[in-house]
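All residue numbers for the sequence shown refer to our numbering, where the first residue is 50 and numbers rise by one. Quick reminder that beta carbons are idealized off the backbone N, C-alpha and C, glycines included. Computed from a prediction, not measured in an experiment: that's the story for all the values here. Only one structure is covered here, and it is reproduced in the block below.
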Amino acid sequence: MVNELLSAWGPRAKFVDDLTALEIVPRNSPSLMNHIVADIHSFAEVNNMKLNPAKCKDMIVNFLHFNTSVLQPIIIGATRVESVSSFELLGVYVTSDLTWSVHCEYIIKKSNRRLYALRKLKRSGVAPTDILCVYCAIIRSVLEYASVVFANLPQNLSDDLERVQKRALAIIYPNYSYDDSLKLAGIEPLVLRRDAACKRFVETILPGNPLYPIVHSRSAPVNHGYKLRSDNVARNIRTRTDRFQKFVTIKYAT
50 MVNELLSAWG
60 PRAKFVDDLT
70 ALEIVPRNSP
80 SLMNHIVADI
90 HSFAEVNNMK
100 LNPAKCKDMI
110 VNFLHFNTSV
120 LQPIIIGATR
130 VESVSSFELL
140 GVYVTSDLTW
150 SVHCEYIIKK
160 SNRRLYALRK
170 LKRSGVAPTD
180 ILCVYCAIIR
190 SVLEYASVVF
200 ANLPQNLSDD
210 LERVQKRALA
220 IIYPNYSYDD
230 SLKLAGIEPL
240 VLRRDAACKR
250 FVETILPGNP
260 LYPIVHSRSA
270 PVNHGYKLRS
280 DNVARNIRTR
290 TDRFQKFVTI
300 KYAT
């Protein structure tokens, strides 16, 4: 029944009982989000459901230096929806400035709390190979959850994530350096694993996927009708910022 919401408005994503609505507002244009939310609110009431405004959040991503339109607050019934600078979407913290400091801080704190389990296992005389399996299961999995999304990290955040693995390996192999511990454990630095995850992700994008034209646009032939030195001219994606250039669908495009 709730799937009917997706057919009524394209930029919606439903996760079981949660719904995310997004809108791209052109420069100097009004927002239609209040109408979208009112539509969702009406749908819920007709189907004997009720939206909880306290759990609804509104976040604006805006990098325009000049914009004459004023975005109105989102209203559900008579309650104003809270406007936030970051929110958690399927376990990943997204911020209004599209940086990953909030998410990295969250997963680092969560991972550091679990290092205590490794220390207890080490003191109990558990074999290093078994402790390593525990690390990969309950700590590294946290650091790498949805890593394709935030793979393009600045060096300081990448180093912060790597330090968690350094602490873990220092517990498992206390008499070895980090490089030697990596060789003994047979694992790679997190930055290399994120890079490999991005490559695997791009390889799994097949025709019919909305990302397919974006990822494969660089190698798509252009039929221009002119006789040039090269018969196959690739269509390049214009990137004005380093962050965009290193985004997964651009950096790893084939």
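task = Give me the Cα-Cα distance between Ala93 and Leu120, rounded to the nearest whole angstrom.
result = 25 Å
inquiry  = For Leu181 and Arg162, I'd like the C-alpha separation in whole angstroms.
reply    = 16 Å
task = Mind checking which residues open and close the beta strand (DSSP E) that includes Ser135?
result = Ser135 to Leu138
inquiry  = So for Arg129, helix, strand or coil by DSSP?
reply    = strand
inquiry  = I'd like to confirm the pairing. Which residues does DSSP put opposite Tyr142 in its beta bridges?
reply    = Glu137
key: Three or more C-beta pairs below 8 Å linking the segment 91-107 and the segment 121-135   = yes
key: Ala186, enclosing alpha helix (DSSP H) - first and last residue   = That residue, Ala186, is in no alpha helix (DSSP H); it is neither H nor E in DSSP.
query = By the 10 Å Cβ neighbour count, where 16 or more other Cβ atoms means buried, how is Val264 classified, buried or exposed?
reply = buried
query = To the nearest angstrom, how far is it from the Cα of Trp149 to the Cα of Ile236?
reply = When the Cα atoms are used, Trp149 and Ile236 turn out to be separated by approximately 25 Å.
task = Excluding the 5 residues preceding and the 5 following Lys159 in the sequence, name in chain order all residues of the same chain whose CB lies nearer than 6 Å to its CB.
result = Val191
message = Using only CA atoms, which one of Pro262, Ala70 and Arg76 lies nearest to Phe115?
response = Here the closest residue by C-alpha is Arg76.
ask   = For the alpha helix (DSSP H) that contains Leu260, what are its first and last residues?
value = If you look at Leu260, you'll find it isn't in any alpha helix (DSSP H); DSSP assigns it neither H nor E.
ask   = Closest to Lys248 by CA distance: which of Ser207, Val143, Ala200 and Arg189 is it?
value = Ala200
inquiry  = Am I right that Met108 and Val133 are in contact with their C-beta atoms under 8 Å? What's the rounded C-beta distance?
reply    = 5 Å
task = Compute the Euclidean distance between the alpha carbons of Leu167 and Val213, then round it to the nearest angstrom.
result = Straight-line measurement puts the Cα of Val213 at about 12 Å from the Cα of Leu167.
task = Take the Cβ of Ile156 as the centre, count every other Cβ of all protein chains shown within 10 Å, and call the residue buried at 16 or more, exposed below.
result = buried
ask   = Val95: buried (16+ other C-beta within 10 angstroms of its C-beta) or exposed?
value = exposed
query = Quick one, are the C-beta atoms of Ile89 and Leu68 less than 8 Å apart?
reply = yes
inquiry  = Just to check my reading of the structure: Ala217 and Ile187 have Cβ atoms closer than 8 Å, yes? What is that Cβ distance to the nearest angstrom?
reply    = That belief does not hold up - the Cβ atoms of Ala217 and Ile187 are roughly 10 Å apart, past 8 Å.
inquiry  = Please list the terminal residues of the continuous beta strand (DSSP E) segment that includes Leu68.
reply    = Here the beta strand (DSSP E) through Leu68 covers Asp67 to Ala70.
task = Return helix, strand or coil for Ile124, following the three-state DSSP convention.
result = strand
query = Straight-line CA distance for Ala176 to Ser207?
reply = 29 Å
query = Mind checking Ser173: buried by the 16 CB within 10 Å criterion, or exposed?
reply = exposed
query = Are the Cβ atoms of Lys171 and Ile220 separated by less than 8 Å?
reply = yes
key: With 16 other Cβ atoms within 10 Å as the buried cut-off, status of Leu113   = exposed
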